[in-house]
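Remarks on the structure that follows.
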Amino acid sequence: MNLLFFSSSFCDPCIQTRGVLKQVAMLLPDVKIAELDVARDTAEAEKAGIRSTPTIVIAAEDGTEVFRAEGVPTVNQVLVALAKAV
Numbered sequence: 007m008n009l010l011f012f013s014s015s016f017c018d019p020c021i022q023t024r025g026v027l028k029q030v031a032m033l034l035p036d037v038k039i040a041e042l043d044v045a046r047d048t049a050e051a052e053k054a055g056i057r058s059t060p061t062i063v064i065a066a067e068d069g070t071e072v073f074r075a076e077g078v079p080t081v082n083q084v085l086v087a088l089a090k091a092v
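For the sequence shown, counting from 1, position 4 maps to 10 in this note's numbering; every step adds exactly one.
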C-alpha cells in the first residue's frame, strides 16, 4: 500500500501531519510514506485532485484510493485507513 502526503512549505498544519506520520512509521515500519510538495510535484498533485494541504491519500496495491484526509489526521485515522488498504 502507498501513503502519499501532499504538503507545502508554507503550511503549518503540515508540520503537525509530519508528526502524526512519524508516529505511524514507528508503529508500522513497512509502510511506504512519500511526501510530495504541491509546488514542486504539481503533476502528481493535479492527478490526485489535491485542493488543500495537508492532504493524505492512501491507496491499495492496485492503486484504488481507500482513504483521503484533508487537514491533520489522527494516528488512529491513519492506522484504520491503512488496515482497510490491506
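A virtual CB, placed ideally from N, CA and C, is assigned to each residue, including glycine.
For the pair T80 and N8, the Cα-to-Cα distance works out to about 18 Å. Shown here, E50 sits in a helix according to DSSP, grouped into three states. In the DSSP assignment, no residue is bridged to L33. Here F12 is not near A65, since their CB atoms are 8 Å or more apart. At least 8 Å separates the beta-carbon of V63 from that of R46.
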